[in-house]
């Protein structure tokens, strides 16, 4: 469902009968009230110096975002700017539908482009060209229900991590024990309950990397390598043998207290503001390859077909300046080194303790971004049916992963 939210300043302009206001249409995939209130406040600040500008935020659900955005571009109804997933950005850049932001950012007084972490910018740059600007460099963390751990008499993931005992073996053991101790609930749920669908890579990459594997690199598929097979086999066992992971077709919903653990980013903490249980966050479990934090990035791009390209670039420069990056850091870990290294970031999210926010900072410094590719859309479409075949109780995991590699090798 689409949601159009207007800034207070924009609403005032319309109420005054202004017919000359310039409109900036900005697509994003969050519908969270706290996020949108923050973005509207940033837009209001922009209109203080651009009184004839109206910013319109258009929410498209994450599962439909890339497809619907592609339809809008192909149909001649482009937004001016919007969020972009890390995995599909290379394809949009190769298609020539997003603008180079470098000239506009370098021309903005006080912007300090050098403040952005070079590794964090890696996915968004091509030589001197800046295809998009990351506003969220957010590692995946384990969220856990403290009440359910206490009821089961178990140490929490954070406590285990502090002891160096939080690994993939312990993760499986704990998930099974939690399921047994909490009748009708599960030990673990994939990200947003979509690990069998739009969040396949979010479900698979943390364990695969913990085992030392990869999805693809240098034109080679890694899903059929021993490390990935071992990682996915463990997940399969947890779903169908231990019955500790929410299975296909079922809804766990960690945020309603129906699963003891999930994997997500700190932006989701806002959903727990009124949770009926105590909760915390912890690092991902380690594996044979040691600690292997996984980072999800999201950037902001300007679309080449948009009618307000120069104005859209001005707004990106304003939205991601040092002050607003600090504001956004309460939900979206920044790529700006000055913010990331500050006490402001550690203390920004009032729902997460500074001690646990330190886990986030460490993961950003040590982690790697999710896999991306210029042909990501084609890769995903080819591998999805083979991944579906993997999630059956009688699936032959090595054979299913061989089929995944066979289906995508021509795209790599």
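In mature numbering (1 follows the signal peptide of the UniProt record, and there is no 0), the protein residues as written are -21 to -1, 1 to 391.
All residues carry an ideal CB built from backbone N, CA and C; glycine is no exception.
Would you kindly work out how many angstroms separate the C-alpha atoms of residue i and residue j, rounded to a whole number?
{"i": "residue 121", "j": "residue 1", "result": "43 Å"}
{"i": "residue 148", "j": "residue 198", "result": "31 Å"}
{"i": "residue -5", "j": "residue 331", "result": "Confidence in residue -5 is poor, its pLDDT being 38 and thus under 50, which makes the residue's placement unreliable; the coordinate value appears in the next sentence. Whole-angstrom Cα-Cα distance: 44 Å."}
{"i": "residue 390", "j": "residue 358", "result": "6 Å"}
{"i": "residue 150", "j": "residue 264", "result": "7 Å"}
{"i": "residue 243", "j": "residue 300", "result": "26 Å"}
{"i": "residue 339", "j": "residue 256", "result": "22 Å"}
{"i": "residue 350", "j": "residue 362", "result": "14 Å"}
{"i": "residue 152", "j": "residue 268", "result": "19 Å"}
{"i": "residue 259", "j": "residue 56", "result": "42 Å"}
{"i": "residue 288", "j": "residue 280", "result": "10 Å"}
{"i": "residue 102", "j": "residue 65", "result": "7 Å"}
{"i": "residue 169", "j": "residue 370", "result": "13 Å"}
{"i": "residue 110", "j": "residue 200", "result": "26 Å"}
{"i": "residue 11", "j": "residue 296", "result": "23 Å"}
{"i": "residue 194", "j": "residue 180", "result": "9 Å"}
{"i": "residue 286", "j": "residue 129", "result": "56 Å"}
{"i": "residue 134", "j": "residue 80", "result": "48 Å"}
{"i": "residue 237", "j": "residue 89", "result": "47 Å"}
{"i": "residue 78", "j": "residue 5", "result": "15 Å"}
{"i": "residue 222", "j": "residue 234", "result": "20 Å"}
{"i": "residue 345", "j": "residue 272", "result": "7 Å"}
{"i": "residue -2", "j": "residue 26", "result": "Per-residue confidence for residue -2 stands at a pLDDT of 46, beneath the threshold of 50, marking its modelled position as unreliable; the derived number appears in the next sentence. Near 14 Å, if we compare the C-alpha coordinates of residue 26 and residue -2."}
{"i": "residue -15", "j": "residue 7", "result": "Caution applies to residue -15, whose pLDDT of 40 falls short of 50 and renders its modelled position unreliable; the model cannot decide the point."}
{"i": "residue 387", "j": "residue 354", "result": "10 Å"}
{"i": "residue 290", "j": "residue 360", "result": "35 Å"}
{"i": "residue 220", "j": "residue 167", "result": "14 Å"}
{"i": "residue 51", "j": "residue 141", "result": "48 Å"}
{"i": "residue 375", "j": "residue 364", "result": "15 Å"}
{"i": "residue 30", "j": "residue 228", "result": "49 Å"}
{"i": "residue 306", "j": "residue 158", "result": "39 Å"}
{"i": "residue 315", "j": "residue 96", "result": "6 Å"}
{"i": "residue 226", "j": "residue 379", "result": "18 Å"}
Throw me the rounded Cβ distance for the residue i and residue j pair, which I believe falls under 8 Å.
{"i": "residue 324", "j": "residue 249", "result": "Actually they are not in contact, since the Cβ atoms of residue 324 and residue 249 sit about 16 Å apart, beyond 8 Å."}
{"i": "residue 32", "j": "residue 3", "result": "6 Å"}
{"i": "residue 266", "j": "residue 189", "result": "3 Å"}
{"i": "residue 245", "j": "residue 165", "result": "Contact doesn't hold; Cβ gap of about 22 Å is too wide."}
{"i": "residue 156", "j": "residue 137", "result": "With 8 Å as the limit, residue 156 and residue 137 do not qualify as a contact, their Cβ atoms being about 17 Å apart."}
{"i": "residue 41", "j": "residue 177", "result": "7 Å"}
{"i": "residue 68", "j": "residue 278", "result": "7 Å"}
{"i": "residue 252", "j": "residue 123", "result": "Actually they are not in contact, since the Cβ atoms of residue 252 and residue 123 sit about 17 Å apart, beyond 8 Å."}
With distance defined between alpha-carbon atoms, name the residue in the options nearest to residue i.
{"i": "residue 98", "options": "388, 313, 255, 8", "result": "313"}
{"i": "residue 175", "options": "206, 29, 161, 230", "result": "230"}
{"i": "residue 63", "options": "55, 28, 116", "result": "116"}
{"i": "residue 186", "options": "206, 178, 234, 327", "result": "206"}
{"i": "residue 372", "options": "336, 216, 12", "result": "216"}
{"i": "residue 308", "options": "346, 293, 336", "result": "336"}
{"i": "residue 209", "options": "192, 294, 278", "result": "192"}
{"i": "residue 114", "options": "318, 261, 380, 43", "result": "318"}
{"i": "residue 343", "options": "17, 100, 253", "result": "100"}
{"i": "residue 38", "options": "14, 54, 365", "result": "14"}
{"i": "residue 341", "options": "107, 118, 352", "result": "118"}
{"i": "residue 72", "options": "86, 49, 226, 368", "result": "49"}
{"i": "residue 125", "options": "91, 146, 241, 144", "result": "241"}
{"i": "residue 367", "options": "173, 321, 294, 305", "result": "173"}
{"i": "residue 82", "options": "107, 270, 326, 251", "result": "107"}
{"i": "residue 377", "options": "298, 294, 204", "result": "204"}
Should residue i be labelled buried (16 or more other beta-carbon atoms within 10 Å of its own) or exposed?
{"i": "residue 247", "result": "buried"}
{"i": "residue 202", "result": "buried"}
{"i": "residue 415", "result": "The first residue shown for the chain is -21 and the last is 391, placing residue 415 beyond what the model contains."}
{"i": "residue 28", "result": "exposed"}
{"i": "residue -11", "result": "Reliability of the predicted coordinates at residue -11 is poor, the pLDDT of 41 falling under 50, and the value obtained from them is presented with this limitation in mind. Result: exposed."}
{"i": "residue 383", "result": "buried"}
{"i": "residue 329", "result": "exposed"}
{"i": "residue 46", "result": "exposed"}
{"i": "residue 162", "result": "exposed"}
{"i": "residue 58", "result": "buried"}
{"i": "residue 75", "result": "exposed"}
{"i": "residue -20", "result": "Low confidence applies here, because residue -20 scores a pLDDT of 37, under 50, leaving its location unreliable; read the following figure in that light. Exposed is the call here."}
{"i": "residue 262", "result": "buried"}
{"i": "residue 293", "result": "buried"}
Inset, instruction - Go through the region 108 to 190 residue by residue and report every complete run of the alpha helix (DSSP H) that reaches 4 residues or more, in order. - result: 125 to 131, 136 to 141, 147 to 160, 179 to 189
Inset, instruction - Within the region 266 to 326, note down every full beta strand (DSSP E) run reaching 3 residues or more, in order along the chain. - result: 273 to 281
Legend entry - Sequence ranges, beta strand (DSSP E) only - wholly within the region 19 to 87, length at least 3: 32 to 38, 60 to 64
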